[in-house]
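Per my numbering, the sequence shown runs over residues 1 to 468.
We treat Cβ as the ideally placed atom computed from N, Cα and C, and that holds for glycine.
Model, not experiment: these values are computed from the prediction.
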Amino acid sequence: MPAPKTFGQQLGRRSWAEPWKIKMVEPLFMTDRPTRERTRREAGYNTFLLRSRDVYIDLLTDSGTNAMSDRQWAGMMTGDEAYAGSENFYHLEEAVQRHYGFMHLVPTHQGRGAEHLISRTVIRPGQYVPGNMYFTTTRLHQEMAGGIFEDVIVDIAHDPQDRGDFKGNIDLAKLDALIARVGASQIAYISLAATVNMAGGQPVSMANARAVRAWCDAHNVRLFLDATRAVENAFFIQEREPGYADKRVADILHEFCSYMDGAWMSAKKDSLVNIGGWVAVNEWALFEELRNLVVVFEGLHTYGGLAGRDMEAMAIGIAESVQDEYIRSRIGQVRYLGMLLEEWGIPMVEPVGGHAIFLDARRFYPHLTQDRFPAQTLAAELYLDSGIRAMERGIVSAGRDPKTGDHHRPKLELTRLAIPRRVYTQAHMDVVAESVKAVFDRRAEVRGLEMVYEPTYLRFFQARFEPR
Ligand SMILES: Cc1ncc(COP(=O)(O)O)c(C=O)c1O
Numbered sequence: 001m002p003a004p005k006t007f008g009q010q011l012g013r014r015s016w017a018e019p020w021k022i023k024m025v026e027p028l029f030m031t032d033r034p035t036r037e038r039t040r041r042e043a044g045y046n047t048f049l050l051r052s053r054d055v056y057i058d059l060l061t062d063s064g065t066n067a068m069s070d071r072q073w074a075g076m077m078t079g080d081e082a083y084a085g086s087e088n089f090y091h092l093e094e095a096v097q098r099h100y101g102f103m104h105l106v107p108t109h110q111g112r113g114a115e116h117l118i119s120r121t122v123i124r125p126g127q128y129v130p131g132n133m134y135f136t137t138t139r140l141h142q143e144m145a146g147g148i149f150e151d152v153i154v155d156i157a158h159d160p161q162d163r164g165d166f167k168g169n170i171d172l173a174k175l176d177a178l179i180a181r182v183g184a185s186q187i188a189y190i191s192l193a194a195t196v197n198m199a200g201g202q203p204v205s206m207a208n209a210r211a212v213r214a215w216c217d218a219h220n221v222r223l224f225l226d227a228t229r230a231v232e233n234a235f236f237i238q239e240r241e242p243g244y245a246d247k248r249v250a251d252i253l254h255e256f257c258s259y260m261d262g263a264w265m266s267a268k269k270d271s272l273v274n275i276g277g278w279v280a281v282n283e284w285a286l287f288e289e290l291r292n293l294v295v296v297f298e299g300l301h302t303y304g305g306l307a308g309r310d311m312e313a314m315a316i317g318i319a320e321s322v323q324d325e326y327i328r329s330r331i332g333q334v335r336y337l338g339m340l341l342e343e344w345g346i347p348m349v350e351p352v353g354g355h356a357i358f359l360d361a362r363r364f365y366p367h368l369t370q371d372r373f374p375a376q377t378l379a380a381e382l383y384l385d386s387g388i389r390a391m392e393r394g395i396v397s398a399g400r401d402p403k404t405g406d407h408h409r410p411k412l413e414l415t416r417l418a419i420p421r422r423v424y425t426q427a428h429m430d431v432v433a434e435s436v437k438a439v440f441d442r443r444a445e446v447r448g449l450e451m452v453y454e455p456t457y458l459r460f461f462q463a464r465f466e467p468r
């Protein structure tokens with residue numbers, strides 16, 4: 001038998017490891033296959049409807065599943081739970097100003113609370129909202145405020161095999177075409193997400209952010225950022241964009257945000273917390289509207305639906321998230337899993353993005369049409385094989401066209417393995433990779449699913465399926 005090699009040795013370099021050690025552990029439980037056969041049936045073959053106690057390795061989402069640091073937990077103990085003017089709010093405000101650079105902050109309970117506020121404030125019914133691919137809750141809030149979403153992402157984002165460096169970029173020609181068609185006054189704002197979740201966690205370049213800013217200035221249109229994974233985006237800029245290799249991720253993030261009029265944030269991702277969000281802008285008048293509206297839907301403008309302790313954890317998490325050695329290990333872990341799967345010929349979105357591996361269910365199950373929900377099927381099969389929980393990001397997530405009632409049929413039919421931050425080890429990634437391989441080897445036996453219950457909003461959360 002040849003001498004075993006570490007992963008670093010296999011790649012011809014010295015190994016490196018996470019910049020933290022484990023102080024507290026949470027036991028995991030493995031179920032047997034007959035139990036998983038039953039639990040997935042009871043959950044309607046929808047991984048969102050499983051009980052977490054029936055899951056072994058939980059890659060449903062990287063949202064709110066982060067492990068907090070000892071400093072964040074210590075910060076929780078300093079929660080100032082005053083109804084108004086909590087000290088922790090001011091810490092959070094300072095952290096957002098320092099690292100994201102926006103002047104005025106309104107906290108919200110999570111990202112969609114912020115999306116709700118900004119959509120209601122800035123969209124007039126009938127206006128267009130161009131964005132670099134849709135995100136489920138973002139688009140729904142834009143539509144509920146009367147907006148019409150228009151996808152202006154570069155074409156390569158829809159091709160899982162294109163290995164472009166910045167597949168999250170906005171195509172300026174698409175913006176030009178839209179403005180020629182509807183006029184500048186019919187554009188509510190540009191909705192820029194960095195990274196782009198639905199495209200596979202693909203980044204936006206600094207050059208693109210700068211160019212979109214110039215376009216917005218020329219046409220007097222605002223530019224708002226979905227900053228949910230903007231720190232991960234900054235890492236890709238550091239790695240791939242000329243001129244940024246020697247800059248700190250913290251500085252890159254700051255520059256990126258400087259091209260925006262404001263941002264909304266699901267802090268449950270980049271900011272290493274379990275709950276929280278915010279919207280922040282530079283214009284005072286807009287801030288006043290947001291600050292007024294938050295009182296109606298979330299809570300007073302100095303807590304926005306959060307406890308003081310949650311705001312403190314977020315403030316500390318923001319500072320931890322922009323450390324270069326942290327972000328390198330975070331994305332390094334996602335890539336480790338990606339490298340194994342790539343080596344074994346598993347079809348997935350390439351290059352691997354920031355927060356997850358996105359398996360390409362179309363190529364995984366070429367014999368299933370989109371009406372048989374290949375990505376949903378793949379998530380159900382992975383769970384059956386090993387108790388690993390993934391999520392559908394394809395036709396089910398895309399929902400229906402509000403005008404025609406037909407399914408949106410996205411080109412990308414993906415099953416997402418989202419990696420929680422600072423939670424699992426390299427050994428867990430090995431187990432995941434082997435399970436994906438086992439499901440791939442049995443792919444010909446799979447026949448797909450049928451949707452038997454469909455809720456009105458964000459159907460992927462609660463829809464139920466049966467085997468064909
Ligand atoms: C890119 C993006 N924007 C917004 C949201 C919504 O945030 P939340 O889940 O905190 O409401 C998410 C959550 O998954 C997201 O990934």
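- In this structure, LYS269 keeps its C-beta atom at 8 Å or more from the C-beta atom of ASP32.
- Each residue's CA atom was taken as its position, placing ILE316 and LEU290 some 24 Å apart.
- In terms of Cβ geometry, ILE187 and VAL221 form a close pair [threshold 8 Å].
- The three-state reading of DSSP puts LEU359 in strand, counting E and B together.
- CA-to-CA, the gap between HIS219 and TRP264 works out to about 22 Å.
- Per DSSP, the unbroken beta strand (DSSP E) holding ARG416 starts and ends at 414-418.
- Note on geometry: alpha-carbon atoms of ALA390 and ALA313 lie some 27 Å from one another.
- Under the DSSP assignment, SER266 falls in the beta strand (DSSP E) whose first and last residues are 262-266.
- Here the distance from the Cβ of ASP226 to the nearest heavy atom of ligand 1 is below 7 Å.
- For PHE236, the shortest separation between its Cβ and any heavy atom of ligand 1 does not lie below 7 Å.
- Contact check between the stretch 349-361 and the stretch 300-311: fewer than three CB pairs, one atom from each, fall below 8 Å, which does not count as touching.
- When the Cα atoms are used, HIS158 and LYS411 turn out to be separated by approximately 6 Å.
- At least one heavy atom of ligand 1 is found less than 7 Å from the C-beta of THR137.
- The closest heavy atom of ligand 1 lies 7 Å or more from the beta carbon of GLN462.
- For TYR336, the enclosing alpha helix (DSSP H) starts and ends at 324-343.
- In the structure shown, PHE224 falls within a strand segment according to DSSP collapsed to helix, strand and coil.
- PRO130 and ILE179 have their alpha carbons spaced roughly 10 Å apart.
- With a cutoff of 8 Å on beta-carbon distance, TYR189 and LEU223 are scored as near each other.
- Ranked by Cα distance from TRP20, the options ARG443, ARG422, ALA209 are led by ARG422.
- Each of ARG335, ASP310, ALA444 was checked against the Cα of ARG363, and the nearest Cα belongs to ALA444.
- Remark: the C-beta of ARG112 is in contact range of ligand 1, defined as less than 7 Å to any heavy atom.
- Taking C-beta atoms under 8 Å as the contact rule, VAL249 and VAL322 qualify, at a distance of about 5 Å.
- Of the candidates ILE153, ASP162, ALA177, ILE153 places its Cα closest to the Cα of ASP171.
- A buried status is given to LEU368, since no fewer than 16 other beta-carbon atoms sit within 10 Å of its beta-carbon.
- When C-alpha distances from ARG40 are compared across LEU382, PHE287, PHE256, the shortest belongs to LEU382.
- For MET260, same chain residues with a beta-carbon under 6 Å away, outside a window of 5 residues either side, are LEU223, LEU225 in chain order.
- Around the beta carbon of ILE118, 16 or more other beta carbons sit within 10 angstroms, so the residue counts as buried.
- If you draw a 10 Å sphere on the C-beta of THR456, you find fewer than 16 other C-beta atoms in it, and that means exposed.
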